[in-house]
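In the working numbering, the protein residues as written are 19 to 868. What follows is a single structure, written as structure tokens, with notes after it.
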Amino acid sequence: MSGAAPGGAGDEARLVARLTLEQKVRLLTGADGWSLPGEPAVGLRPIVFSDGPAGVRGTRLDPRHPSSSLPCPVALAAMWDDRLVQEVALALGREARARGVDVLLGPTVNIVRTPLSGRGFECFSEDPLLTARIAVAYVRGVQAAGVGTTAKHYVCNDSETDRQSYDVRIAERVLRELYLPPFEACVAEADVALVMAAYNSVNGAAMTTNPTLLRDVLRAEWGFRGVVISDWSATRTTVPSALGGLGLVMPGPGGPWGDQLVAAVRAGAVPEAEIDDKVSRLLLLAHRVGALGQPASARTGDSGRGRGAVSAPGALVDPALLREVAARSFVLLRSRPGVLPLAANPVSTVALIGPNATDPQTQGGGSVRVLPVARPGLAAALRAALGEAVAVDLYQGCRTWTTIPVPPEGSLRDPVGGEPGVRLEIRDTGGTVIHDAPFPSSVLTWWDGLPEAVHIPGSKVVMLARYRPEVDGPHLVGAAGVGRLRVAVDGVTLAEATTLPPLDVVEAFSRPPELRMPVPLRAGQEVEVRVEYEPDVRGRGAGFVTMRLGIASQPAEDDLLEEAVTAAAGADVAVVVVGSADGTESEGYDRETLVLPGRQDELVRRVAAANHCTVVVVNSGMPVLMPWADEVAAILQVWFPGQAFGEALADCLVGIAEPGGRMPVSLPRVEADSPVLHARPAAGELTYAEGLLVGYRGYDRSGTTPLFCFGHGLGYTDWTYESLAASAGSVAAGDDLAVAVAVRNSGERPGREVVQLYLEGPGDDPGRPIRVLADFATVGAGPGERVEARLSVPGRAFASFDESRAEWAWRPGTYTLHAGRSSRDLRLSTSVVLSSMAATGAGGEPGART
Ligand code: BGC
């Protein structure tokens, strides 16, 4: 992305001066859901947004133009490797560019405060330093491709329950030390183009109208020169939001600015200079993404319905890179010697078991979702990796659905033309068919760019399909959506009802209310299914329409379990893939429990009892409880790995790749051990009572041992820590401290190690963490080789935020620096003295507000 406009800020000012007040204000609200209005008077073309951060959806889900699907952000952070994150982010930026997308709505840099957070998978970690480092790498990568990024959601949007309305009550030092640093780093180190103001309030002020955090901190202290964009439909006021530092209202058209803002300026309630500043910032953004002074035709696909589609060949992220990144993010939590990789032992039969083996979850739910490029499933990838001599058989084991699954590819067809998929009719209020065409999937969402008519009260969507069952027996048909639904099979109406909207609109996409009907079916005998749907476009969530048809056979669950256990008993290895189901983890709601859905714990235990070589693969974005951890041979945490799930898992299982991840979040033994569990606002307030003691900071302080701690991950080799040397025995306040750590690969395979530095002390304030992550570096070495990691403890690590003086205060005294493999596996330590020093008040120096 271009650093600055030609002629600097003056250039924007000159352009702003050409516009009338009405023209200026018009630019500050979206033209639609995903773009801004253009303005020919200043050579500005529309700027196009797309959701992220685990892919670029474009402005609609278009099956003809699927997107690269990356490992979810927490998986990216699990690599602890900023260089690789930057590389994959650059590739993602190029894909965005090729789709005509100017701005990616990501990364999400909120802190994982609770493992129940529905959107935790979309954040990077529970630690501000790790989050900041990965976020900076991500922003630099995407922006190097000429695409703006958006650090979101500013700030304390760390859970989903009542996310639109809660007011976070938080001490300033906690805000400064834990929740603000990732945003600050994105501004200071990566010149992030936009910051998104969150739905929630902080200490009584909505984030879209929060002058303290938007003007004083973000702009004045950190020097942010970009645009503050509202989260979607988050702005509820005209004057306070315009004065508070917000720059852009999304989506549009309409909303609280427009004519009302023009009137407020004319009435003297908002100075016109404020509008000029917003337009200047917008024009600077336009310049940075190449939207100023260029004819629209010079750009790929940035007009009409095709907008957001990849048209340039080779524009997708290289699948080999996604495969490498996914494998590097997998965390080997536990492994009995000699179990993994499988290639080390002759294997002739593998029982691949589990609801996530048959239905792998590559992404979490919500706006982050893309329509991914299809890649081989787990069984196919494992067969390809193990070769023909090895039998890989697949068993579901148990059921975990939240909504009835979409039928397997090829089992649904359009009754008119016969194409795979469904027939979609849209009828207006008078019943006239205004749209009639095949559609490739039985899931429709707002993001598909549904015809406008769907949003008119009384209009109807009719989904028609012929379904061919694969097996005889009981089936369940599920029709889901918010509004009136009627379902008929072979002309017989089975159900008709009105469903109610969930609390959050996004919940309607991830787990829409569903009508379920049992139907006996015969293998190979097609039936005609018809779902009539009248969307609720008046109530909460108007405009966000989703509809889905699911059909699945319904064998007795005891039989599924029995079959899997029998198969496991007869196999050399059982690989059990468990985890979240579609809809378990999503934007719009938090999980209620860390327990695996359905009978998965029972499945793991029974399989492990039947086969001593049971490898459990956990496919979840956030931690789940693993009460069977001691009973299984190995555990791999694979997150939501994106499109390369199958290949990356096969690479790790057979040893082509090393699972290189380390935990970016702590994993509790039981729910009650988590320092923060439920985030349920009381009377609209969400109090961050734990203060600084989030994640490992909380476990350390309470003396609780997590099942798998922050930073933990084994890989396929061993490491000896040989030396730790700080460049000096003392450090001056504000200075960084260089540190060298030598490690040796003491195992038998080449591998990578994440060398972690933790800083401890001085003093023992029970409200402060015992130690915090101070730096990390990823190094690689062959068997027997020694390698030196060069690290640096940032000056700020020795400071805390002094609320009484509203500035950073350096804490003199003796600190201990630990180097190790995780937050609980500290191998070497040394002391460092921070000399006491008076505050100087200079920017970024001791005593200064930064
Ligand atoms: C989410 C944002 C997202 C936006 C647009 C909101 O509900 O919180 O993260 O970018 O929708 O889809």
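Ideal Cβ placement from N, Cα and C applies to all residues, glycine included. Model, not experiment: these values are computed from the prediction.
Alpha helix (DSSP H) segment containing residue i, residue limits
i, result
"ALA291", "290-306"
"GLN774", "No alpha helix (DSSP H) contains GLN774, which is instead part of the beta strand (DSSP E) from 769-778."
"ARG115", "100-116"
"GLY501", "Counting along the chain, GLY501 falls outside any alpha helix (DSSP H), though it belongs to the beta strand (DSSP E) covering 501-507."
"LEU148", "146-162"
"ASN374", "373-376"
"SER745", "Segment: none, SER745 is in no alpha helix (DSSP H) and carries neither H nor E."
Outcome for residue i when other beta-carbon atoms lying within 10 angstroms are tallied against a minimum of 16
i, result
"HIS493", "buried"
"ARG325", "At ARG325, the pLDDT of 45 sits below 50, so the modelled position is not reliable and the matter cannot be decided from this model."
"ASN363", "exposed"
"HIS83", "buried"
"THR380", "buried"
"GLN161", "buried"
"GLN774", "buried"
"ASP718", "buried"
"ASP209", "buried"
"ALA678", "The amino acid occupying residue 678 in the given sequence is Gly; Ala does not appear at that position. The residue is buried, with at least 16 neighbouring Cβ atoms inside 10 Å."
"PRO864", "No answer about PRO864 holds up, because its pLDDT of 38 lies below 50 and its placement is not dependable."
"ASP80", "buried"
"ILE474", "exposed"
"PRO258", "buried"
"ASP782", "exposed"
"GLY241", "exposed"
Any non-hydrogen atom of the ligand BGC within 6 Å of residue i CB
i, result
"TRP52", "no"
"LEU123", "yes"
"ASP249", "yes"
"SER385", "yes"
Distance between beta carbons of residue j and residue i, contact taken as under 8 Å
i, j, result
"GLU708", "PRO693", "5 Å"
"VAL811", "LEU777", "6 Å"
"VAL495", "VAL510", "Between VAL510 and VAL495 the Cβ distance is about 12 Å, and since that is not below 8 Å, they are no contact."
"VAL593", "VAL635", "6 Å"
"LEU110", "LEU88", "7 Å"
"ALA309", "LEU62", "6 Å"
Element boundaries [beta strand (DSSP E), containing residue i]
i, result
"VAL213", "212-215"
"GLU532", "532-539"
"ILE653", "652-655"
"ALA407", "It is not in any beta strand (DSSP E) - ALA407 carries neither H nor E in the DSSP assignment."
"ASN637", "632-637"
"GLU546", "545-553"
"ARG715", "ARG715 -> not in any beta strand (DSSP E); alpha helix (DSSP H) instead, spanning 714-720."
"ASP454", "451-457"
"LEU350", "349-353"
"THR463", "461-463"
"PHE527", "Unbroken run through PHE527 is the alpha helix (DSSP H), 525-528; no beta strand (DSSP E)."
"GLU514", "510-516"
"THR168", "166-172"
"GLU443", "440-445"
"THR796", "789-799"
Among the options, nearest to residue i - alpha-carbon criterion
i, options, result
"TYR833", "ALA792, PHE819, LEU809", "ALA792"
"ARG44", "GLY138, CYS204, PRO425, PRO55", "PRO55"
"LEU351", "PRO812, PHE794, PHE726, PRO125", "PHE726"
"CYS416", "PRO394, PHE348, LEU614", "LEU614"
"LEU264", "ASP294, GLN41, ILE474, ARG341", "ASP294"
"ALA869", "SER366, GLY713, MET268, HIS836", "This structure leaves residue 869 out entirely; the chain is present only between 19 and 868."
"VAL74", "ALA59, CYS90, PRO133", "CYS90"
"LEU852", "GLY813, GLU821, ARG842, SER822", "GLY813"
"ALA403", "VAL555, ALA203, VAL365", "VAL365"
"ALA114", "SER143, LEU148, GLY164", "GLY164"
"TRP419", "PRO373, LEU389, ASP446", "PRO373"
"LEU212", "ALA252, THR167, VAL192, THR255", "THR167"
"ARG715", "LEU102, ALA392, PHE728, SER764", "PHE728"
"ILE653", "GLY568, PRO641, ALA662", "PRO641"
"SER347", "HIS696, GLY831, ASP99, GLY747", "ASP99"
"GLY800", "ALA743, TYR734, ARG504", "TYR734"
Check: residue i C-beta below 6 Å from any heavy atom of the ligand SAH
i, result
"ASP69", "Questions concerning the ligand SAH fall outside what the structure shown contains, since the ligands it does hold are the ligand BGC."
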